[in-house]
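If you count by my numbering, then the sequence shown holds residues 25 to 422, one letter each, in order. Each residue gets a CB set at the ideal place from its N, CA and C atoms; glycine is no exception. These numbers come from a predicted model, not from an experiment.
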Amino acid sequence: MKRQGIAVLGSTGSIGLSTLDVLRRHPERYRVVALTAFSQVERLFDQIRAFRPEVAVMVDPDAAAQLAERVRGAGLATTVLAGAEALSEVVRLEEVDQVMAAIVGAAGLLPTLAAAEAGKRILLANKEALVMSGNLLLEATRRSGARLLPIDSEHNAIFQCLPDHFEQGLETVGVHQILLTGSGGPFRTLPLEQLAHVTPDQACAHPNWSMGRKISVDSATMMNKGLELIEACLLFRTTPDRIRIVVHPQSLIHSMVQYVDGSVLAQLGQPDMRTPIAHALAWPERMTAGVEPLDFYQVGNLDFEAPDPERFPALRLAEAAARQGGTAPTVLNAANEVAVQAFLDGRIPFTRIAELVAAVMEAIESVAATDLETILNVDRQAREAARQQLAQQDGKPS
Ligand code: NAD
Ligand code: MG
Numbered sequence: 025m026k027r028q029g030i031a032v033l034g035s036t037g038s039i040g041l042s043t044l045d046v047l048r049r050h051p052e053r054y055r056v057v058a059l060t061a062f063s064q065v066e067r068l069f070d071q072i073r074a075f076r077p078e079v080a081v082m083v084d085p086d087a088a089a090q091l092a093e094r095v096r097g098a099g100l101a102t103t104v105l106a107g108a109e110a111l112s113e114v115v116r117l118e119e120v121d122q123v124m125a126a127i128v129g130a131a132g133l134l135p136t137l138a139a140a141e142a143g144k145r146i147l148l149a150n151k152e153a154l155v156m157s158g159n160l161l162l163e164a165t166r167r168s169g170a171r172l173l174p175i176d177s178e179h180n181a182i183f184q185c186l187p188d189h190f191e192q193g194l195e196t197v198g199v200h201q202i203l204l205t206g207s208g209g210p211f212r213t214l215p216l217e218q219l220a221h222v223t224p225d226q227a228c229a230h231p232n233w234s235m236g237r238k239i240s241v242d243s244a245t246m247m248n249k250g251l252e253l254i255e256a257c258l259l260f261r262t263t264p265d266r267i268r269i270v271v272h273p274q275s276l277i278h279s280m281v282q283y284v285d286g287s288v289l290a291q292l293g294q295p296d297m298r299t300p301i302a303h304a305l306a307w308p309e310r311m312t313a314g315v316e317p318l319d320f321y322q323v324g325n326l327d328f329e330a331p332d333p334e335r336f337p338a339l340r341l342a343e344a345a346a347r348q349g350g351t352a353p354t355v356l357n358a359a360n361e362v363a364v365q366a367f368l369d370g371r372i373p374f375t376r377i378a379e380l381v382a383a384v385m386e387a388i389e390s391v392a393a394t395d396l397e398t399i400l401n402v403d404r405q406a407r408e409a410a411r412q413q414l415a416q417q418d419g420k421p422s
């Protein structure tokens, strides 16, 4: 069997590290062609030494210069490229068969789109790219014949619980509804009046998953589940009416599909992203992921509850955006990225994140998301509106 060439976008992040851990276990199946990161020189250098990719991209130019120096000094053959455009260049390389899209946020859109246009198999972790671009990314994959496989654990679980021909429509294949599960994050049971005082470190201490800081905050507000609702509508071509969000604190069921005959199929496993990553890399085959088998003698209880709308206002905002369609999800995502960063920087309290997103959604009218230019424009507009809100607030005496 010819080895598959892999490009890992965002290789120094949480998903990137898990991906390399899986790839390291299967050198006979995969070779790493390209690795990319934003600015972490030491970490990317170590990865280059271990995986010997043909090319590495560092978006930050100063970091790229330092990395190039290190690579030359070590006598390694990897070409080091700088700047965001190089991300789109490397995914198009002929040697690349599969692209792991694991950049966080809107910055991942263009390279992921480039991979879609080039007909590469895309392993999509970067949900923001899909949420902000609506059908654009999916249409690009359909036009080129590219395959898109979900890495987000819930969507990967749903994909595993659906029949192969689900693209004919969920009704056609007998699906009653999708049960999208989520842990409820670190503040599920915190007294409501304390929510305004939680710190970024508390928000990033997820009970079950170890993840990057942005998605960790999204999990705490449950905006992550909101983005995932939109992601599921797009990937499985359905509407919020066919998706029910279920809080499941143990994170052992990663989502379920309920059929019209009363059957419910669930995918279970350890909360370890190496499972969906290995699944998507090897699909339709299976291979080891380095994940311990789930021991049902040790599992204990599985609990379920409805999400509390007062505690998690982000869910209502995301659902509204999903129903509105057009560029509403683009606005939601952009405002949320700015708000989460402001929270992580200590500029706003936790509870202000959803308020800020709501205000920006009020201010910017949704238009049809017909082309990339419109989407990028709306994304910019929404970020600007969010920053203005922040500036106004900073200007107010406290
Ligand atoms: P992370 O912050 O740990 O890593 C982000 C990666 O993207 C890093 O390699 C960083 O160098 C790179 N990056 C950041 N900004 C960039 C920019 N402007 N240009 C180019 N590269 C940039 O994030 P993560 O937790 O690995 O999440 C990555 C994506 O996967 C997110 O979209 C997240 O929602 C999704 N996801 C993550 C998990 C998880 O368990 N971590 C689970 C499901 C989905
Ligand atoms: Mg998820």
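Using DSSP bridges, identify the partner residues of Val57.
Along the sequence shown, one-based indexing puts residue 57 at 33. Beta-bridge annotation (DSSP): Val57 is not paired with any residue.
Any heavy atom of the ligand NAD closer than 7 angstroms to the beta-carbon of Asp176?
Taking the first residue of the sequence shown as position 1, residue 176 is located at position 152. Closer than 7 angstroms to some heavy atom of the ligand NAD: that describes the Cβ of Asp176.
What does the Cβ neighbour count give for Ser422, buried or exposed, with the cut at 16 atoms within 10 Å?
Along the sequence shown, one-based indexing puts residue 422 at 398. The predicted model places Ser422 with a pLDDT of 48, which falls under 50 and marks its position as unreliable; any figure quoted below should be read in that light. Per the 10 Å Cβ criterion, exposed.
Taking the alpha helix (DSSP H) that Thr136 falls in, what are its first and last residues?
Here the question's residue 136 lines up with position 112 in the sequence shown. Residues Leu133 to Glu141.
What is the DSSP secondary structure of Ser422, reduced to helix, strand or coil?
On the sequence shown, residue 422 is found 398 positions in, with the first residue counted as 1. Low local confidence applies: a pLDDT of 48 at Ser422 is under 50, so the model's placement there is unreliable, with the coordinate-based value given in what follows. In the three-state reduction of the DSSP assignment, Ser422 falls in the coil class.
Span of the beta strand (DSSP E) around Leu289:
Looking up residue 289 in the sequence shown gives position 265. Going by DSSP, Leu289 is part of the beta strand (DSSP E) stretching over Val288 to Leu292.
Ignore the nearest five residues each way along the sequence and tell me which others in Gly250's own chain have a CB closer than 6 angstroms to its CB.
Taking the first residue of the sequence shown as position 1, residue 250 is located at position 226. Within the same chain, Gly250 has close Cβ partners Ala338, Leu339 and Ala342.
Measuring from the CB of Ser168, is there a heavy atom of the ligand NAD at a distance below 7 angstroms?
Locating residue 168 in the sequence shown gives position 144, counting from the first residue. Every heavy atom of the ligand NAD is 7 angstroms or more from the Cβ of Ser168, so no.
With DSSP as the reference, label Ile127 as helix, strand or coil.
Taking the first residue of the sequence shown as 1, we reach residue 127 at position 103. When secondary structure is reduced to three states using DSSP, Ile127 falls in the coil class, being assigned neither helix nor strand.
Got a sec, what are the start and stop residues for the alpha helix (DSSP H) Ile254 sits in?
Position 230 of the sequence shown, counted from the start, is the residue given in the question as residue 254. Start and end: Met247 to Leu259.
Val381 in three-state terms, based on DSSP
For this step, residue 381 is matched to residue 357 along the sequence shown. Helix, per DSSP.
Given that a residue counts as buried once 16 or more other Cβ atoms are within 10 Å of its Cβ, and exposed if not, what is Met297?
As a first step, residue 297 is located in the sequence shown; it is residue number 273 there, counting from the start. Buried, because 16 or more other Cβ atoms sit within 10 Å of the Cβ of Met297.
Helix, strand or coil for Arg371 per DSSP?
On the sequence shown, residue 371 is found 347 positions in, with the first residue counted as 1. DSSP places Arg371 in coil when its eight states are reduced to three.
Residues that DSSP places opposite Ser279 in a beta bridge:
Translated into positions along the sequence shown, residue 279 becomes position 255. Among the bridge pairs identified by DSSP, Ser279 is matched with Gln291.
Over the uninterrupted beta strand (DSSP E) stretch that includes Val2, give me the two end residues.
Outside the shown range of the chain (25 to 422) lies residue 2, about which nothing can therefore be said.
Sequence-distant residues of the same chain with beta carbon closer than 6 angstroms to Asn360, five excluded per side:
As a working mapping, residue 360 is identified with position 336 in the sequence shown. Excluding sequence neighbours, Asn360 sits near Met247 and Val381.
With Thr205 as the anchor, note down where its alpha helix (DSSP H) starts and where it stops.
As a position in the sequence shown, residue 205 is number 181, starting the count at 1. Taken as a continuous stretch (DSSP letters only), Thr205 belongs to no alpha helix (DSSP H), being part of the beta strand (DSSP E) at Val199 to Gly206.
May I ask you to report which of helix, strand or coil DSSP gives Pro174?
Translated into positions along the sequence shown, residue 174 becomes position 150. Three-state DSSP puts Pro174 in a strand.
Counting C-beta neighbours from all protein chains within 10 Å, is the total for Arg404 16 or more, i.e. buried, or is it exposed?
For the purposes of this step, residue 404 is taken as residue 380 along the sequence shown, with counting starting at 1. Exposed, by the Cβ-count rule.
Can we say the segment 175-193 touches the segment 255-268, given the rule of at least three CB pairs closer than 8 angstroms?
Yes: at least three Cβ pairs fall under 8 angstroms.
Which residues DSSP lists as bridging Ile30, in chain order:
As a position in the sequence shown, residue 30 is number 6, starting the count at 1. In DSSP, Ile30 forms a bridge with Val56 and Gln122.
Quick one: what's got a C-beta closer than 6 angstroms to Arg407's C-beta in the same chain, skipping five residues either side?
For the purposes of this step, residue 407 is taken as residue 383 along the sequence shown, with counting starting at 1. Counting only residues of its own chain and dropping the five nearest sequence neighbours on each side, Arg407 has a CB closer than 6 angstroms to the CB of Ala358 and Val362.
Taking the alpha-carbon positions, what's the Ala170 to Asn150 distance?
The count along the sequence shown starts at 1 and reaches residue 170 at position 146. The count along the sequence shown starts at 1 and reaches residue 150 at position 126. A direct Cα-Cα distance of roughly 17 angstroms separates Ala170 from Asn150.
For Val362, the three-state DSSP class (helix, strand or coil)
For this step, residue 362 is matched to residue 338 along the sequence shown. Helix.
Quick test of the definition: if touching needs 3 or more C-beta pairs under 8 angstroms, does the segment 317-335 touch the segment 371-381?
Taking 8 angstroms as the limit for Cβ pairs, the verdict is that the segment 371-381 does not touch the segment 317-335.
Could you tell me whether the segment 59-74 touches the segment 82-101, where touching means 3 or more Cβ pairs closer than 8 angstroms?
Yes: at least three Cβ pairs fall under 8 angstroms.
Residue of Ala229, Phe75, Gln64 and Glu93 minimising C-alpha distance to Met82:
Residue mapping note: residue 82 aligns to position 58 of the sequence shown, counting from 1. Comparing Cα positions, the closest option is Gln64.
Residues near Leu59 in its chain [Cβ-Cβ closer than 6 angstroms; skip 5 each side]
Residue 59 sits at position 35 when you count from the first residue of the sequence shown. Result list for Leu59: Val32, Ser35, Gln71, Pro77 and Ala80, in chain order.
Length-filtered (4 minimum) alpha helix (DSSP H) runs lying within the segment 47-97:
Runs of the alpha helix (DSSP H) inside the segment 47-97: 65-75 and 85-97.
Sorted by chain position, which residues of the same chain lie with C-beta nearer than 8 angstroms to Trp307's C-beta, five sequence neighbours on each side aside?
Within the sequence shown, residue 307 is the residue found at index 283, counting from 1. Its chain contains Leu173 as the residues whose beta carbon lies nearer than 8 angstroms to that of Trp307, once the 5 sequence neighbours on both sides are disregarded; these appear in chain order.
State yes or no: is the C-beta of Ala131 nearer than 7 angstroms to some heavy atom of the ligand NAD?
Counting from one through the sequence shown, the residue named residue 131 turns up at place 107. Flag set: Cβ of Ala131 near the ligand NAD.
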